[in-house]
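Student: Just dropping this structure here.
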Amino acid sequence: MKAQWALVPVIAVAATQAAWGQVSAERIRNADREPGNWLTYSRTYNGQRYTPLAEITAANVGRLRAAWTHQTQQPGKFETSPIVIDGILYITEPGGEVAALDGRTGRPVWRFGRRPPPDLHACCGAANRGMAVLGDLLFVGTLDAHLLAIDLQTGKLRWDSVVTDYRAGHAITAAPLAFDDKVLVGVAGGEFGIRGFVDAYDVRTGKRVWRFWTVPGPGEPGHDSWANDSWKTGGGSTWITGSYDPALRIVYWGTGNPGPDYNGDDRKGDNLYTCSLVALDADTGRLRWHFQFTPHDVNDWDSTHVPLLVDEGNRKQVLVANRNGFYYVLDRVTGEFIHGAQFGKQTWTSGLDSKGRPIRLAGMEPTTSGIMVYPGFHGVTNWFSPSYSPLTGLVYVAVREEPAIFSKAKEPYVPGQWFGGGNPKGVPKVEPTGSIRALEHATGKLVWDFPLKSPPWAGLMSTAGGVIFGGSSEGMFYALDASSGKPLWHYGTGAPIFANPVSFTVNGRQHVAIAAGNALFAFALPETGR
Amino acid sequence: MQRWVLALIACLALSAQTPRNLYQAHCAGCHGASGEGSRGPALNGAASQRITDSAALISLVRRGIPGTEMPAFAPETIGDEQLRGLAAYVLGLRATARDGASGRLGRGAELFRSKGKCITCHRVNGDGHTSGPDLSDIGRLRDPEWLRRAVVEPESALYDSFGGYRWTILIPDNYLFVEITTRGGDRIAGSRLNEDAFSIQIRDGEGRIRSFLKSELSEVRKQWGKSPMPSYRDVFSASELDDLLAYLASLRGSR
Numbered sequence: 000m001k002a003q004w005a006l007v008p009v010i011a012v013a014a015t016q017a018a019w020g021q022v023s024a025e026r027i028r029n030a031d032r033e034p035g036n037w038l039t040y041s042r043t044y045n046g047q048r049y050t051p052l053a054e055i056t057a058a059n060v061g062r063l064r065a066a067w068t069h070q071t072q073q074p075g076k077f078e079t080s081p082i083v084i085d086g087i088l089y090i091t092e093p094g095g096e097v098a099a100l101d102g103r104t105g106r107p108v109w110r111f112g113r114r115p116p117p118d119l120h121a122c123c124g125a126a127n128r129g130m131a132v133l134g135d136l137l138f139v140g141t142l143d144a145h146l147l148a149i150d151l152q153t154g155k156l157r158w159d160s161v162v163t164d165y166r167a168g169h170a171i172t173a174a175p176l177a178f179d180d181k182v183l184v185g186v187a188g189g190e191f192g193i194r195g196f197v198d199a200y201d202v203r204t205g206k207r208v209w210r211f212w213t214v215p216g217p218g219e220p221g222h223d224s225w226a227n228d229s230w231k232t233g234g235g236s237t238w239i240t241g242s243y244d245p246a247l248r249i250v251y252w253g254t255g256n257p258g259p260d261y262n263g264d265d266r267k268g269d270n271l272y273t274c275s276l277v278a279l280d281a282d283t284g285r286l287r288w289h290f291q292f293t294p295h296d297v298n299d300w301d302s303t304h305v306p307l308l309v310d311e312g313n314r315k316q317v318l319v320a321n322r323n324g325f326y327y328v329l330d331r332v333t334g335e336f337i338h339g340a341q342f343g344k345q346t347w348t349s350g351l352d353s354k355g356r357p358i359r360l361a362g363m364e365p366t367t368s369g370i371m372v373y374p375g376f377h378g379v380t381n382w383f384s385p386s387y388s389p390l391t392g393l394v395y396v397a398v399r400e401e402p403a404i405f406s407k408a409k410e411p412y413v414p415g416q417w418f419g420g421g422n423p424k425g426v427p428k429v430e431p432t433g434s435i436r437a438l439e440h441a442t443g444k445l446v447w448d449f450p451l452k453s454p455p456w457a458g459l460m461s462t463a464g465g466v467i468f469g470g471s472s473e474g475m476f477y478a479l480d481a482s483s484g485k486p487l488w489h490y491g492t493g494a495p496i497f498a499n500p501v502s503f504t505v506n507g508r509q510h511v512a513i514a515a516g517n518a519l520f521a522f523a524l525p526e527t528g529r
Numbered sequence: 000m001q002r003w004v005l006a007l008i009a010c011l012a013l014s015a016q017t018p019r020n021l022y023q024a025h026c027a028g029c030h031g032a033s034g035e036g037s038r039g040p041a042l043n044g045a046a047s048q049r050i051t052d053s054a055a056l057i058s059l060v061r062r063g064i065p066g067t068e069m070p071a072f073a074p075e076t077i078g079d080e081q082l083r084g085l086a087a088y089v090l091g092l093r094a095t096a097r098d099g100a101s102g103r104l105g106r107g108a109e110l111f112r113s114k115g116k117c118i119t120c121h122r123v124n125g126d127g128h129t130s131g132p133d134l135s136d137i138g139r140l141r142d143p144e145w146l147r148r149a150v151v152e153p154e155s156a157l158y159d160s161f162g163g164y165r166w167t168i169l170i171p172d173n174y175l176f177v178e179i180t181t182r183g184g185d186r187i188a189g190s191r192l193n194e195d196a197f198s199i200q201i202r203d204g205e206g207r208i209r210s211f212l213k214s215e216l217s218e219v220r221k222q223w224g225k226s227p228m229p230s231y232r233d234v235f236s237a238s239e240l241d242d243l244l245a246y247l248a249s250l251r252g253s254r
């Protein structure tokens, strides 16, 4: 009898652990209760990419050392931002493979492989930035525009939904966003004349619940911002994960460039809702408000950024450091423009007007012979994540300083073919450069600047230990002091970094991880003498 | 269906697979309609570090370039036969290297060593010094016109690697002259081999490779557009210059 009773606590513990393996919507909403996990793309729905973990500090980060490395053997750009649940990392590899890794050793515990068709149209190489998790499922988008649900425990496919036709130029590279009972996904393809959208799917069935078209159709508000039939190939891709406010039940999602990229002659008008932030009703996908950063863009300045949801006193705000060179503070209930400031080099405007609309300088649009403009088509910043630290009140952003010569041309639209309308080039004898900048979140005022050699392609993470982690195009993974920008530590990964850092705990010890080259690197403080 | 319709479709399908059409469909978006470069590097220059011949190009296209936007093209997308045609087309985009080098090779080689004293800075097949670029395969990397400019007007011919968009520059392929001052007050001049946010590697005037952490330095002065090489305009006669250029154009590496 005694022996049988002894089994009960064991079973109870096992049952609890199985339940913990199920990642409820409530767990993700309350991510700060479990800072050792990383349950959604930016860790929290507010997009801040800030970790409350504080074992690694500005004082001890100089002793950080490599814990393990996982090599992927996959060509393409390794851009994954891992999901971390109770000591296991879930990553996507460039071609779309998924792996679960033991967070203590980096050893894979399962793999999911799916061979995409060979005739892909992904504009910018094979890339995937990560997954969403909800319940016992992981959600991953594919280069051939499917949305897959994978069993969190075993890596087996549970459902496969076709989001759209990849042969027309669509692809999915962004991590989906999951909340309540839905999973949201955006599409790439702004260089192929697609018509963009954000989709929501039922997490249990994979059936589509709603779709928001980023380019309004006939009869819809905003349709008159497109000349003739230009809306049909209007672009407005949605290739970076949005943020979510569960209290307001609003999703905030950035939209990409209008098509064709560099020639606006046949799409006169503001071209709504391209280069915008759209606020969508989480239940219906209906537009609550929009803010367009670059009306009638002709420079490929997608507004595909992770929006930072930050409260200023009682005012709920959303902050965006935009590819066009300006930093914006908006009211996230109404979309009202509160403040704007230039945060990087630009030569195309004289500033913003009182509504936040850029005041274009004459003669700076692409010409047939070409004209030099700052920023170039990669923008002052790009898709890689900014970070906000509630500890310092600063917004951290990786900044690029690189002009381009923009020229325009007439190009016919052919489904699935490049539809750029021009051909931008680098500028001879100008060495592109970059930096990490800390901005006052309320004003966008520059607080410090850490110079980089080349324009960066890696995002940032701020920590409760007062540290900013980032990566460089020369392959340095580094730590800066969050208050001063002083460099504290760096590690040569040996290959360019196109990814965002994350942090998590394994056996109570804080780790930081970043993808670089074709490998994922994890770091921790030495186990003894911490 | 009429037989002529089928024939027409077959013709169209075939013409759709010409090297030119394949180039426009798969390459032009990044490399420009004429290989002039855009998002991707130019393909029409005389110089390319990666591609030396058709086989190297085919292998590169099949593999892609990890860490860049250059994808791997599977045989299902571009068949082997088509890829051979495409590779020939791409190599044909290069500025045709004119045979401008008509001088006497042997005399050029002698001038390189004696009158020009070129080997006090340059090395050819292991012979000479290394403070300037190794010229063992310069005839393959640069056309004769460029070589002539480099000899008579060195600063105008400094190779500029920033003309095209690059995702990353692992090793700068320009030749930048830098002057470094350490916190201890030492000054070292040399050519930059590499650089990142935290360190810089240079080759000093004695040809030694030196590495510095930026935290150890008080100044890094970059001499954009400057070259330590003097002009040879007044050193060589016209016929001597022709001979020297014939020699340089003949340097194709040891393969």
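Those protein sequence lines, which keep their order, are chains Z and P.
Just so you know, numbering that gives the first Met the number 0 puts 198 at position 199 of the first sequence, and the rest follows in order with no gaps.
Just so you know, numbering that gives the first Met the number 0 puts 170 at position 171 of the second sequence, and the rest follows in order with no gaps.
Note that CB positions come from ideal geometry on N, CA and C, so glycine has one too.
Predicted model, so just to flag it, every value in this text is computed and none were measured.
1. With a cut-off of 8 Å, does the C-beta of residue 76 of chain P fall near any C-beta of chain Z?
2. Quick check on the DSSP output: what are the complete beta strand (DSSP E) runs of length 3 or more inside the segment 401-437 of chain Z, in order along the chain?
3. Leaving out five residues before and five after residue 389 of chain Z in sequence, what residues of the same chain have Cβ atoms less than 7 Å from its Cβ?
4. With 8 Å as the threshold, decide whether the Cβ of residue 118 of chain Z is near any Cβ in chain P.
5. Tell me, please, whether the CB atom of residue 248 of chain P is closer than 8 Å to any CB atom in chain Z?
6. Rounding to the nearest angstrom, what Cα-Cα distance links residue 424 of chain Z and residue 31 of chain P in this structure?
7. Is residue 276 of chain Z closer than 8 Å to residue 253 of chain Z when the C-beta atoms are compared?
8. Which residues of chain P have a Cβ atom closer than 8 Å to the Cβ of residue 289 of chain Z, listed in chain order?
9. So residue 417 of chain Z contacts chain P; which residues on that side make the cut at Cβ distance below 7 Å?
10. May I ask you to report which of helix, strand or coil DSSP gives residue 89 of chain P?
11. Would you identify the three-state DSSP class for residue 178 of chain P, choosing helix, strand or coil?
12. Would you please state the rounded distance, in angstroms, between the beta carbons of residue 264 of chain P and residue 489 of chain Z? I believe it to be under 8 Å.
13. Got a sec: which bits of the segment 180-208 of chain P sit with their beta carbon under 7 Å from any beta carbon on chain Z, in order along the chain?
14. Between residue 250 of chain Z and residue 241 of chain Z, what straight-line distance do the alpha-carbon atoms span, to the nearest angstrom?
15. Closer than 8 Å, Cβ to any Cβ of chain P: which residues of the segment 436-462 of chain Z, in chain order?
16. Measure the CB-CB distance between residue 419 of chain Z and residue 165 of chain Z and report whether it falls below 8 Å.
17. Put residue 447 of chain Z into one of helix, strand or coil per three-state DSSP.
18. Relative to the C-alpha of residue 397 of chain Z, which candidate in Z:209, Z:84, Z:484 and Z:339 has its C-alpha closest?
19. Label residue 255 of chain P either buried or exposed according to how many other C-beta atoms from any shown protein chain fall within 10 Å of its C-beta, with 16 as the threshold for buried.
20. Compute the Euclidean distance between the alpha carbons of residue 127 of chain Z and residue 239 of chain Z, then round it to the nearest angstrom.
21. Within the same chain, show all residues whose beta-carbon is closer than 7 Å to that of residue 43 of chain P, passing over the 5 residues directly before and after it, in chain order.
22. Would residue 37 of chain Z and residue 468 of chain Z qualify as a contact pair, given that the criterion is a beta-carbon distance under 8 Å?
23. Spatial neighbours of residue 127 of chain P within its chain, please: CB distance less than 6 Å, with the 5 preceding and 5 following residues excluded, ordered by chain position.
24. For residue 155 of chain P, which three-state DSSP category applies?
25. Would residue 99 of chain P pass as an interface residue toward chain Z - the criterion being a Cβ-Cβ separation below 8 Å?
26. Using three-state DSSP, classify residue 10 of chain P as helix, strand or coil.
27. So with CB distances below 8 Å, who are the chain Z contacts of residue 37 of chain P?
28. Is the Cβ-Cβ distance between residue 437 of chain Z and residue 51 of chain Z less than 8 Å?
29. Listed in chain order, which residues of the segment 114-138 of chain Z have Cβ atoms closer than 7 Å to some Cβ of chain P?
30. Since I believe residue 271 of chain Z is in contact with residue 289 of chain Z (beta carbons under 8 Å), could you give me their beta-carbon distance rounded to a whole number of angstroms?
31. Counting only Cβ pairs nearer than 7 Å, list the residues of chain P close to residue 489 of chain Z.
32. Look at the Cβ atom of residue 143 of chain P, then the Cβ atom of residue 174 of chain P, and state whether they are nearer than 8 Å.
33. Going by beta carbon distance, what residues of the same chain come within less than 6 Å of residue 168 of chain Z, once the five residues before and after it are set aside?
34. Of the residues Z:317, Z:303 and Z:78, which one's Cα is nearest the Cα of residue 530 of chain Z?
Tutor: Per the coordinate set shown:
1. What you label residue 76 of chain P is simply residue 77 of the second sequence in a count that begins at 1. With 8 Å as the cut-off, residue 76 of chain P counts as an interface residue toward chain Z.
2. 403-405
3. Residue mapping note: residue 389 of chain Z aligns to position 390 of the first sequence, counting from 1. The residues are 49.
4. Here residue 118 of chain Z corresponds to residue number 119 of the first sequence, with the count starting at 1. By this cut-off, residue 118 of chain Z is an interface position.
5. The sequence position of residue 248 of chain P within the second sequence is 249, counting from 1. So, not an interface residue.
6. The residue you call residue 424 of chain Z lines up with position 425 of the first sequence. The residue you call residue 31 of chain P lines up with position 32 of the second sequence. Distance between the alpha carbons of residue 424 of chain Z and residue 31 of chain P: 10 Å.
7. What you label residue 253 of chain Z is simply residue 254 of the first sequence in a count that begins at 1. What you label residue 276 of chain Z is simply residue 277 of the first sequence in a count that begins at 1. For residue 253 of chain Z and residue 276 of chain Z, yes; Cβs fall inside 8 Å.
8. Numbered from its first residue, the first sequence carries residue 289 of chain Z at position 290. Per Cβ cutoff of 8 Å: no residues; residue 289 of chain Z is ~29 Å from chain P at best.
9. Here the question's residue 417 of chain Z lines up with position 418 in the first sequence. The answer, in chain order, is 28.
10. The residue you call residue 89 of chain P lines up with position 90 of the second sequence. If DSSP states are grouped into helix, strand and coil, residue 89 of chain P belongs with the helices.
11. Translated into the one-based positions of the second sequence, residue 178 of chain P becomes position 179. Note: residue 178 of chain P maps to strand in three-state DSSP.
12. Residue 264 of chain P cannot be examined here, being either before or after the span of chain P that is shown, 0 to 254.
13. 194, 195, 196 and 197
14. Against the first sequence, residue 250 of chain Z aligns to sequence position 251. Against the first sequence, residue 241 of chain Z aligns to sequence position 242. So the alpha carbons of these two residues sit roughly 7 Å apart.
15. 449, 450, 451, 452, 453 and 456
16. Taking the first sequence and counting its residues from 1, one reaches residue 419 of chain Z at position 420. Taking the first sequence and counting its residues from 1, one reaches residue 165 of chain Z at position 166. Not in contact: residue 419 of chain Z and residue 165 of chain Z (Cβ atoms no closer than 8 Å).
17. Numbered from its first residue, the first sequence carries residue 447 of chain Z at position 448. Here residue 447 of chain Z sits in strand by DSSP.
18. The residue given as residue 397 of chain Z occupies position 398 in the first sequence. Ranking Z:209, Z:84, Z:484 and Z:339 by Cα distance to residue 397 of chain Z puts Z:484 first.
19. With chain P running from 0 to 254 in the structure shown, residue 255 of chain P is simply not present.
20. By one-based count along the first sequence, residue 127 of chain Z stands at place 128. By one-based count along the first sequence, residue 239 of chain Z stands at place 240. Residue 127 of chain Z and residue 239 of chain Z: Cα-Cα distance of roughly 11 Å.
21. Here the question's residue 43 of chain P lines up with position 44 in the second sequence. Excluding residues within five positions, the ones whose Cβ falls inside 7 Å are 33, 34, 35, 92, 93 and 94.
22. What you label residue 37 of chain Z is simply residue 38 of the first sequence in a count that begins at 1. What you label residue 468 of chain Z is simply residue 469 of the first sequence in a count that begins at 1. In this structure, residue 468 of chain Z does not lie closer than 8 Å to residue 37 of chain Z by Cβ.
23. The residue you call residue 127 of chain P lines up with position 128 of the second sequence. Closer than 6 Å at the Cβ level, and outside the excluded window around residue 127 of chain P, lie 118 and 121.
24. Mapped onto the second sequence, residue 155 of chain P falls at position 156. Three-state DSSP puts residue 155 of chain P in a helix.
25. Against the second sequence, residue 99 of chain P aligns to sequence position 100. Bear in mind that a pLDDT of 48 at residue 99 of chain P, under 50, signals an unreliable position, so the number given afterwards is only what the model happens to contain. Chain Z contact via Cβ: absent.
26. The residue you call residue 10 of chain P lines up with position 11 of the second sequence. Only weak support exists for where residue 10 of chain P lies, its pLDDT of 45 falling under 50; the coordinates are left without a value.
27. Start at 1 with the first residue of the second sequence, and residue 37 of chain P comes out as number 38. Chain Z residues near residue 37 of chain P: 422, 423 and 424.
28. Looking up residue 437 of chain Z in the first sequence gives position 438. Looking up residue 51 of chain Z in the first sequence gives position 52. No, these two residues do not count as a Cβ contact at 8 Å.
29. 117, 118, 123, 124 and 125
30. The residue given as residue 289 of chain Z occupies position 290 in the first sequence. The residue given as residue 271 of chain Z occupies position 272 in the first sequence. Between residue 271 of chain Z and residue 289 of chain Z the Cβ distance is about 7 Å, and since that is below 8 Å, they are a contact.
31. Along the first sequence, read from residue 1 onward, the residue named residue 489 of chain Z stands at position 490. In chain order: 197.
32. Locating residue 143 of chain P in the second sequence gives position 144, where the first residue counts as 1. Locating residue 174 of chain P in the second sequence gives position 175, where the first residue counts as 1. No. Outside cutoff.
33. Within the first sequence, residue 168 of chain Z is the residue found at index 169, counting from 1. Hits under 6 Å: 120, 188, 191, 193 and 415.
34. Residue coverage of chain Z in this structure runs from 0 to 529, which leaves residue 530 of chain Z outside it and unanswerable.
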